[in-house]
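90 is the number that the UniProt record's numbering gives to position 90 of the sequence shown; each next residue is one higher, with no gaps. Glycine included, every Cβ here is placed at the ideal spot set by N, Cα and C. Single-structure report; data block below.
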Amino acid sequence: MGRGDLTDEQWAVLEPLLPQGVKAGRPPIWPRRRLIDGIRFRVRTGVPWRDVPVEYGPWSRVYDLFRRWQRNGTWHQVLTRLQSLADAKGAITWDLNVDSTVCRAHQHAAGARRQGALQKEPPGGMFTEPADHGLGRSRGGFTTKLHLAVEQGQKPMSIVITAGQRGDSPQFEPVLKKVRVPRLGPGRPRVRPDRVRVDKAYASRKNRGYLRRRGIRCTIPNKADQARNRKKLGSLGGRPPGFNAEDYKARHAVECGINRLKGTGLWPRDTTSSLAATRPLSS
C-alpha cells in the first residue's frame, strides 16, 4: 500500500457511497479501490496522467474513472454524503469563514472557448463548470478565483468559481447559498450556519442585511470610510455594527483551509476549471 492510499477503515466508509455496477459478469480486472488510489496519487502529486504508477492500473483506466465520475456528478454526490456522515457525528462546526483565493490558470487553459455554450460538454462537468470556465484577466494574469466557505475544522463547505478579476463581496451570498448538507434521517438539509466570519472586503450593508434576514450572527470588521461617514452624520448615522475582535481571530480557519487545498500537487499547475485538470497530457 502506498503512502497516500486509502486505509481499510477509510475504504469501509467510502465503498458504500460509490455507485454500484448494474451489469452482470466477471469482476473487473482492476479493482475500483486501486483505481481510486491512482486518482488520489495523481491529485496529491500533480503528475501527468500518463505518469501514474502502473501498480494502480493502466493510466487510461484511472483517467477514465475520474473523468466519467466528474462528468456525471458522482464525485459531488460522494462529497455530499461524506458531509452528511460528518455532520451526523458532530464533526462539522457550523461557524463558517468566507474568503477567496486566486490561482493561475494552466497554460493549456488558454484553449478554452470564450462561450461555454458552444461546447458539447464543459471540461469541468455540467454540474460545476461556469459558462466562462471561471477564467479571466486580473493583475496576476490569466487566473481563476475560488470563493469558499470553510468551517472551523478547515473543511470546505461550498465553493463558487469565478474569473480572476471578479470581486469578493458580490459572491458572498452565492457562497452561502451553496452550503447544503442533507441529513441522514428525516428532515430538511441544513443550510444555515450559526455564525459567519469575513474580512473587511465583505463589510457592506447588503451583506449585513442578508445575514440579518437569515438570522445568522456575523463577525465583520468595520471599514474606516464607513466609520467616518457614520460619524459625519452624527445621530442620524446610527450605532456602529458590533465587532468582537477576539472572535475574529477564529477566521484563520479559512486561511488554513486554503493552504491545505493549495498543498495538493495539482494546485500550482491546474485550477479547478482548467482544461489541464481533466485532460491527459501527452508528456
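Taking 9 Å as the cut-off, the beta carbon of R34 is found closer than this to the beta carbon of G57. Runs of the beta strand (DSSP E) lying entirely within the region 142 to 220, each at least 3 residues long, are 156 to 163, 195 to 197 and 217 to 219 in chain order. Within the model, the alpha-carbon separation for H133 versus P19 is close to 28 Å. The beta-carbon separation of G257 and P156, rounded to 6 Å, stays under the 8 Å limit for a contact.
Straight across, the Cα-Cα distance linking G136 with Q165 is about 6 Å. If you draw a straight line from the Cα of G234 to the Cα of A224, it comes to about 16 Å. Bridge partners of R104 according to DSSP: T143.
Below 8 Å, enough C-beta pairs join the region 217 to 232 and the region 194 to 204 to call them touching: three or more.
Cβ neighbours of V191 within its own chain (closer than 7 Å, five residues either side excluded): V179 and R180.
Ranked by how close their Cα comes to the Cα of L14, the residues N222, S84 and I92 have S84 in first place.
The region 240 to 253 makes no contact with the region 64 to 83: fewer than 3 CB pairs, one atom from each, lie closer than 8 Å.
Shortest Cα-Cα distance from R42 to any of G73, D194 and S60 involves S60.
If you ignore the 5 residues before and after I92, its C-beta comes within less than 6 Å of the C-beta of A86 and E151, all in its own chain and listed in chain order. Within the same chain, Cβ atoms closer than 6 Å to the Cβ of W94 are found at P193 and D194, the five residues on either side in sequence being excluded.
Shown here for D168: same chain residues with a beta carbon closer than 6 Å to its own, the five before and five after excluded, namely S100 and A201 in chain order. Between the beta-carbon of G2 and that of D51 there is about 14 Å, and that puts the pair past the 8 Å contact cut. One alpha carbon belongs to R212, the other to G141, and they sit about 37 Å apart.
The C-alpha of E173 lies about 16 Å from the C-alpha of K145. Each residue's CA atom was taken as its position, placing R188 and R239 some 37 Å apart. For S235, there is no enclosing beta strand (DSSP E), as DSSP marks it with neither H nor E. Shown here, N244 sits in coil according to DSSP, grouped into three states, outside any helix or strand.
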